[in-house]
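Residues 32 to 302 (my numbering) are what the sequence shown spells out, left to right.
Note that CB positions come from ideal geometry on N, CA and C, so glycine has one too.
From a predicted model like this one, the values you see are computed outputs, not experimental measurements.
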Amino acid sequence: MEQKNKIKNSSGNSNNRLMKKGYFTVITGPCAIESYEQLEACAKIISNLGLLYIRGGAYKPRTSPYSFQGLKEKGLRYLKEIGEKYGLKTVTEVTDTKNVDKIADYADVLQIGTRNMSNFALLAKVGKVASKKNKVVILKRGWASSIKEWLLAVEYITTGGDVEVVLCERGIRTFETSTRFTLDISAVPVIKKLSKLPIIIDPSHAVGQSDLVIPVSRAAVAVGADGILVESHIEPSKALSDGQQQLNEKELIELMKQLKKVAGAIGKKIR
Ligand code: PEP
Ligand code: MN
32 MEQKNKIKNS
42 SGNSNNRLMK
52 KGYFTVITGP
62 CAIESYEQLE
72 ACAKIISNLG
82 LLYIRGGAYK
92 PRTSPYSFQG
102 LKEKGLRYLK
112 EIGEKYGLKT
122 VTEVTDTKNV
132 DKIADYADVL
142 QIGTRNMSNF
152 ALLAKVGKVA
162 SKKNKVVILK
172 RGWASSIKEW
182 LLAVEYITTG
192 GDVEVVLCER
202 GIRTFETSTR
212 FTLDISAVPV
222 IKKLSKLPII
232 IDPSHAVGQS
242 DLVIPVSRAA
252 VAVGADGILV
262 ESHIEPSKAL
272 SDGQQQLNEK
282 ELIELMKQLK
292 KVAGAIGKKI
302 R
């Protein structure tokens with residue numbers, strides 16, 4: 032039997048620990064963890080909004096080697112401590128097979144970024160560690176990867192054991208230059224047709240500009256995504272990475288207000 036390109040992964044469950052059926056889950060926080068104070072201020076806002084998750088990068092895969100690379104283990108310590116203090120589950124990126132075990136000791140959810148979707152050694156390692164340590168994995172779509180390649184990447188993770196994977200569409204590269212990437216919104220219904228995996232949208236990296244994040248997030252609810260992963264910062268203009276696309280507190284409150292309306296129209300609740 033021809034097994035080569037067969038996508039097996041119609042397993043999974045859109046009702047896993049990270050995503051809940053009937054709900055639209057908002058995961059937010061800064062692009063990068065920059066200091067204890069910065070992350071704590073952000074956690075206060077998130078918990079006041081009644082949200083459950085905080086994101087923040089400690090190991091940053093930057094396009095330029097001269098850009099801020101993250102606080103690394105110190106950032107992980109802040110994330111764990113602040114997550115526990117505010118009762119928030121934590122999401123952070125893994126970039127290297129060498130760090131996966133350590134990161135899993137600090138965070139609840141392991142994120143694999145767009146640059147690493149085809150890093151098969153990393154996918155396999157994350158699968159093993161996530162299965163052993165009972166962690167959820169968010170797998171972002173490679174910016175030059177097809178949906179089929181993305182679903183096959185999931186299987187590199189799930190062959191390592193029983194792992195809950197959430198897909199994240201974060202924009203692909205096209206000829207269009209008015210946005211940072213082009214959000215493939217149709218990926219959501221396509222994934223829903225091909226698999227049972229939950230899928231969220233990252234509006235921030237897709238559009239790359241804060242003023243476009245709210246309209247695109249509204250579309251994420253309407254198209255049937257299970258949630259969003261959206262960047263927010265206490266002072267975006269001072270951010271050490273991705274300042275132009277991060278929402279400030281006021282914008283985050285406005286986002287929540289607008290998402291509630293769209294969610295209500297399709298019978299979902301925001302959490
Ligand atoms: C991120 O979420 O911090 C990130 C680096 O995103 P992406 O992998 O989509 O560029
Ligand atoms: Mn970012």
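Spatial neighbours of residue 299 in its chain, beta-carbon cut-off 8 Å, leaving aside the 5 residues before and after: Within the same chain, and ignoring the five residues on either side of residue 299 in sequence, the residues whose Cβ sits closer than 8 Å to its Cβ are 53, 54, 55, 252.
Check: residue 264 C-beta below 7 Å from any heavy atom of the ligand PEP: No, Cβ of residue 264 sits at least 7 Å from all heavy atoms of the ligand PEP.
Member of 195, 193, 210 whose CA lies at the smallest distance from the CA of residue 201: Cα-wise, what sits closest to residue 201 is 210.
Proximal residues to residue 206 (C-beta, below 8 Å), its chain only, five neighbours per side dropped: There are no such residues.
Backbone secondary structure at residue 48 - three-state DSSP: In the displayed model, residue 48 falls within coil according to three-state DSSP, outside both helix and strand.
Contact under 8 Å by Cβ, residue 148 with residue 182: For residue 148 and residue 182, no; Cβs fall outside 8 Å.
Rounded distance between the beta-carbons of residue 235 and residue 261, thought under 8 Å: Correct: roughly 5 Å between the Cβ atoms.
Presumed contact (8 Å Cβ cut-off) between residue 50 and residue 229, rounded CB distance: Yes, residue 50 and residue 229 are in contact; Cβ-Cβ is about 4 Å, under 8 Å.
Per-residue DSSP class, three states only, for residue 194: In the three-state reduction of the DSSP assignment, residue 194 falls in the coil class, being assigned neither a helical nor a strand state.
Validate contact between the segment 267-286 and the segment 90-103 using beta carbons, cut 8 Å, 3 pairs: A contact between stretches requires three or more CB pairs, one per stretch, nearer than 8 Å, and the segment 267-286 meets this requirement with the segment 90-103.
Residue 86, enclosing beta strand (DSSP E) - first and last residue: In this chain, the beta strand (DSSP E) harbouring residue 86 covers 84-86.
Span of the alpha helix (DSSP H), counted from its first residue to its last, around residue 99: Here residue 99 belongs to no alpha helix (DSSP H), and DSSP marks it neither H nor E.
Anticipated Cβ contact below 8 Å, residue 121 with residue 110, distance rounded: So it is a contact: roughly 5 Å between Cβ atoms.
Three-state secondary structure assigned by DSSP to residue 258: Residue 258: strand per DSSP, three-state reduction.
Neighbour flag for residue 271 against chain B, beta carbons, 8 Å: Here chain B cannot be found, since the structure has a single protein chain.
Range of the contiguous beta strand (DSSP E) that encloses residue 295: Unbroken run through residue 295 is the alpha helix (DSSP H), 280-296; no beta strand (DSSP E).
N-terminal and C-terminal residue of the beta strand (DSSP E) that residue 54 is part of: Following the DSSP letters along the chain, one finds residue 54 inside the beta strand (DSSP E) bounded by residues 54-60.
Extent of the continuous beta strand (DSSP E) to which residue 142 belongs: The continuous beta strand (DSSP E) containing residue 142 extends over residues 140-143.
Unbroken stretches of the beta strand (DSSP E), 3 residues or longer, contained in the segment 195-264: Within the segment 195-264, the complete beta strand (DSSP E) runs of at least 3 residues are 196-200, 230-232, 258-262.
Rounded C-alpha distance that separates residue 227 from residue 258: Answer to the nearest angstrom: the Cα atoms are 15 Å apart.
Distance cut-off 7 Å: residue 73 Cβ against heavy atoms of the ligand MN: No - the ligand MN has no heavy atom lying nearer than 7 Å to the Cβ of residue 73.
Residue environment, residue 139, which counts as buried when at least 16 other CB atoms sit within 10 Å: By the 10 Å Cβ count, residue 139 comes out buried.
Three or more C-beta pairs below 8 Å linking the segment 142-162 and the segment 103-117: Output reads no: the segment 103-117 does not touch the segment 142-162.
Residue 283 vs residue 248 beta-carbon contact at 8 Å: Going by C-beta atoms, residue 283 is not nearer than 8 Å to residue 248.
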